[in-house]
Structure formats: C-alpha cells, structure tokens
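Note that this note's numbering numbers the sequence shown so that position 424 is 424, with each residue one more than the last.
All C-beta atoms in this analysis are idealised placements derived from N, C-alpha and C, irrespective of residue type, glycine included.
Here's the structure, in structure tokens; my notes come after.
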Amino acid sequence: MTIREILARRDAIRVEMRAIHDAHPETLPADQQTRWAALETEAANLNAQESRTAALDDLDRRVTGTPIAGGGSDSRFDTEIRRFSVLRAIAGAAGLPGVDAGREREISAEVARRSGRTFQGIAVPMAALSGPVESRVFSTTNPGGGPGSNLVATNLLADQFIDRLRASLVIRRLGATILSGLTGNVAIPRLKGSATSAWVAENSALTASDQQADQVSLSPKHAGGLTEFSRNMLLQSSPDVEQPVRADLAAILAQALDQAAIAGTGASNQPRGILNTSGIGAVALGTNGAALAYDNVVDLMGAVQNANAETASMAFLTNPKVRRAAQKLKTTTNEPLGEDVIFQSTPRAFTTNVPANLTKGTASGICSAMVYGDFSQLLIGLWSEIDILVNPYDSTAYARGGVLVRAMTTCDIAVRHPESFAAIHDILA
C-alpha cells in the first residue's frame, strides 16, 4: 500500500469512527463495539505501515535508481530482506573463503545508515530477526544433547527441522504499541490531573485550579544471545538450515522481550513489565492465595472499569495452568461454565511467560498471575535493529576453527496509563 493509499484509508476510518460516535454518544452496542475495535486496530496497523513505507522509500530509490510512483512501494526491498541470509552474513564477516555475502553487506550498511547509529557488527533487519538471553555452543560436535553435525547436509532433511518447544509470544498480538527508530531517551508528556469545575452563585468568582502533568520515560536497555558456529556449519550447511538458525536467534530475543513486558522487574538491567508497574489495579484472592472463581474475573474487570480505563480493545493474559483451572469451573449442576462465560467473551491469550512461581503468604513459589487490560497502552520502544557481531578470534572457538556470534537488540518498555491494567498475583492453579 502506498503512502497516498494509507492516508486515504486512515481518513476513511476517522470518518467512520466519528459517525459511530455521533450515532451512539452514550454507549456503543455490542456490534458497534466490535466494529470500533476493528477500526482502532486497522488504524494502528496503518500508522506502523506508514512509518515503515516512508523509511524504505529512499532505499528503494537507491537500489533501483528510479523514483517511486504513487507515493511509495517497498516490494523490492522486502524481496531483498527475505533473501537476507544470517549464516552467509556471519560466514562473510568471519572471512571464510568462497562466501559471497555482498547482498548482506549492502542491506546491513543501509540498515545502519537509516538507524543513525554505528553497529559493532552486522546490522540485521528486524524483518529478518527479532529479539535474547541465551548462551550455547552450536557446532558439529556440541552441545552433547544435539550437536550441530545433525544440521550438516549428508542426506539431511533440513526442511523438516524439528524446533524446540517454546512459550507462546503474545504481547505484540495483543496490540502493544511499538515505537521504532528511536535515538535518544524518550519522555512522553502525560496529563496527570485535570483542572476542577464548580457550580457558583450569581456574581460569585470561580476558584482557580491547576492541571498536573508528568512524563512516561523510555531509556535504552540491552538484551542479547551468545552462540558458537563451527566452520563446517558455516561452509557445509544446507540452505534449509538458514531458517531454523534465524528463527532461534529471533525467538530467544523475542521471548526475552515478552517476558520483560509481562513481568520485568525494572532492576538488574531489565525493563519494568506490567505486573511490576506501580498503579495498576489489583485483586487479591486470599492471605495464602486461593483457587480462581468466576467472581474474581468479574472483580478484575471491575478494577479497570472503576478507573475509567476500559476500552473496546481489552484482553486477558494468563498462563496455561490458570486456563485449565478456569476450564474446570462448573455451575451448581456440574456443567462447565466455559471460557467465553468466564472471560466474558473477551479476547484472551495464554503463555508460560506469565509467572506461575509467585508467592503469597505460605503459598511459596506456586501462585500464578492473570492480567486484564488494554494492551495498546503498553509501549515497546526499539532503538536498534538486531546487531550481530562475529568474533573469529575467540580463543576457545578459534582453537576449534569456529566463530563466536553475538546477537543484541536495544529496547525498553513502559505503560502509558497504569490504570488500564489490573492483575491477580495469587491464583492457586
């Protein structure tokens, strides 16, 4: 979609939303709530697409040598991104003979130029990778539980590669707001308190009152993964191995980001996640925790409603243990209530990234959390694309003919309105 088409569609969305609001100024009917939510989601996606399209237009012109008709198109650059090989980029950076990494160098240089910062190694587009914190050896002989030799093409069905089981990544799917291309620290002004109004008698003076403002801040925090690639891995691997290598680097970084967004402590170099954000609503089940009940879910929703923070984009987030407990809730006649009843037909997501090891009273390390909120109020700031640095001279890797590879990204997390979220921290499930 071109810039012109994006702007036209966004104007149409604005007109439709205004018509819905004018037709229902007090309360939206259920069908209009659904439509409103869909329009909000589409508008957010268009905003992200506009930024991405504008950022890539210049690269398209540089690659093709021709201007972009109709306001912009990134199809050619998207094609180049899809052909970006992480393994080839690493092999080229390691100086291995017979490796043509020209495309990777070209894309990396352009990504670095656009970001306005100097990368220590290879600048990898977010479209090729995404997100951190794992360390392991990946070679033809190590690790013992799954040596990299299993990926060297000798009658190898690499296209049938069996990935490891991973936690579901849900934060972006729930609608978190992504702020990309950041450079310095970010401070977003926020109205903290309004002026007050009052009824007065004829010829009486109004009392002056002040508005109060504060800021939501984001500052760079770093996450990364470290791994070792053997020489044979880089020279002999089947092309089909590229995808699992890329997916694994992406998954460990993306999982770290999801974990931080949900339960980051704000200490030890972590961002602060929703569960540890001061000011979110809270529902306590018991002195030593308690099993989930239907009323608890209603109270959780009420904590956000009472703060005037409920929108048409609400969702629940919890872990599979709580989901199973909810599915077991029954009526007085022993009929299952069902998820749609328990969660009020509200969108929900389940992932083991939501803690199941919290403590309440004597319930030590066995409590689970549940969050209800408007996830568009969660801000994820990104300062850099993935930065991959190849070190062929690490003493241990060098002795084996391998290279050490480090992947890092820089990001932060904040909540615009803490009142937009409420959480239970002490579910026994």
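Endpoints, the alpha helix (DSSP H) within which residue i is located
{"i": "E228", "result": "From DSSP, E228 is part of no alpha helix (DSSP H) but of the beta strand (DSSP E) over K221 to F229."}
{"i": "R323", "result": "P320 to Q327"}
{"i": "D340", "result": "E339 to I342"}
{"i": "A397", "result": "S395 to A399"}
Opening and closing residue of the beta strand (DSSP E) in which residue i lies
{"i": "I90", "result": "First-last for I90: V86 to A93, but that is the alpha helix (DSSP H), not the beta strand (DSSP E)."}
{"i": "G302", "result": "Where G302 is concerned, there is no enclosing beta strand (DSSP E), although the alpha helix (DSSP H) it sits in stretches over Y294 to Q305."}
{"i": "S278", "result": "Element bounds for S278: n/a, residue is neither H nor E."}
{"i": "S345", "result": "Here S345 belongs to no beta strand (DSSP E), and DSSP marks it neither H nor E."}
{"i": "D359", "result": "In the sequence under discussion, the amino acid at residue 359 is Thr, which differs from the Asp named in the question. Note, T359: beta strand (DSSP E), L358 to K360."}
{"i": "L179", "result": "T177 to L179"}
{"i": "A290", "result": "Taken as a continuous stretch (DSSP letters only), A290 belongs to no beta strand (DSSP E), as it is neither H nor E."}
{"i": "A284", "result": "Segment: none, A284 is in no beta strand (DSSP E) and carries neither H nor E."}
{"i": "N123", "result": "The amino acid occupying residue 123 in the given sequence is Ala; Asn does not appear at that position. Its beta strand (DSSP E) spans residues I122 to V124."}
Beta-carbon proximity of residue i to residue j, cut-off 9 Å
{"i": "I388", "j": "V124", "result": "yes"}
{"i": "T409", "j": "L378", "result": "no"}
{"i": "R348", "j": "A315", "result": "yes"}
{"i": "C367", "j": "K221", "result": "no"}
{"i": "Q212", "j": "L191", "result": "yes"}
{"i": "S85", "j": "E104", "result": "yes"}
{"i": "S230", "j": "G402", "result": "yes"}
{"i": "T331", "j": "L337", "result": "yes"}
{"i": "L253", "j": "G281", "result": "no"}
{"i": "N353", "j": "V200", "result": "no"}
{"i": "T41", "j": "G184", "result": "no"}
{"i": "A290", "j": "L96", "result": "no"}
{"i": "A43", "j": "R14", "result": "yes"}
{"i": "E284", "j": "P271", "result": "In the sequence under discussion, the amino acid at residue 284 is Ala, which differs from the Glu named in the question. For A284 and P271, no; Cβs fall outside 9 Å."}
{"i": "A415", "j": "I188", "result": "Looking at the sequence provided, one finds Val at residue 415 rather than Ala. Contact flag unset, no."}
{"i": "V297", "j": "Q344", "result": "yes"}
{"i": "I424", "j": "L292", "result": "yes"}
{"i": "L404", "j": "M370", "result": "no"}
{"i": "Q255", "j": "A312", "result": "no"}
{"i": "T359", "j": "P320", "result": "no"}
Counted within 10 angstroms of its Cβ, other Cβ atoms place residue i as buried (16 or more) or exposed
{"i": "D258", "result": "buried"}
{"i": "L300", "result": "buried"}
{"i": "H21", "result": "exposed"}
{"i": "T118", "result": "exposed"}
{"i": "G121", "result": "buried"}
{"i": "H24", "result": "exposed"}
{"i": "N308", "result": "exposed"}
{"i": "A263", "result": "buried"}
{"i": "A93", "result": "buried"}
{"i": "Q215", "result": "exposed"}
{"i": "I413", "result": "buried"}
{"i": "D426", "result": "buried"}
{"i": "D374", "result": "buried"}
{"i": "A205", "result": "exposed"}
{"i": "L7", "result": "exposed"}
{"i": "P418", "result": "buried"}
{"i": "R88", "result": "buried"}
{"i": "N269", "result": "exposed"}
{"i": "A30", "result": "exposed"}
{"i": "D248", "result": "buried"}
{"i": "Y393", "result": "exposed"}
Cβ-heavy atom distance, residue i to the ligand NAP, below 8 Å
{"i": "H425", "result": "In the structure shown, the ligand NAP is absent, as is every other ligand, since no ligand is present at all."}
Helix, strand or coil at residue i according to DSSP, with G and I counted as helix
{"i": "G71", "result": "Only weak support is given to the placement of G71: the predicted model assigns it a pLDDT of 38, under 50, and the value that follows is read from those uncertain coordinates. DSSP places G71 in helix when its eight states are reduced to three."}
{"i": "G193", "result": "strand"}
{"i": "Q215", "result": "strand"}
{"i": "V63", "result": "Reliability of the predicted coordinates at V63 is poor, the pLDDT of 41 falling under 50, and the value obtained from them is presented with this limitation in mind. Three-state DSSP puts V63 in a helix."}
{"i": "S209", "result": "coil"}
{"i": "P418", "result": "helix"}
{"i": "V390", "result": "strand"}
{"i": "D426", "result": "strand"}
{"i": "F375", "result": "helix"}
{"i": "I366", "result": "strand"}
{"i": "G102", "result": "helix"}
{"i": "L317", "result": "strand"}
{"i": "L169", "result": "coil"}
{"i": "V186", "result": "strand"}
{"i": "T332", "result": "coil"}
{"i": "V405", "result": "strand"}
{"i": "A312", "result": "coil"}
{"i": "A23", "result": "helix"}
{"i": "T41", "result": "helix"}
{"i": "A349", "result": "strand"}
{"i": "L174", "result": "coil"}
{"i": "L96", "result": "coil"}
{"i": "T118", "result": "coil"}
Does the count of Cβ pairs from the region 177-191 and the region 323-331 closer than 8 Å reach three?
-> no
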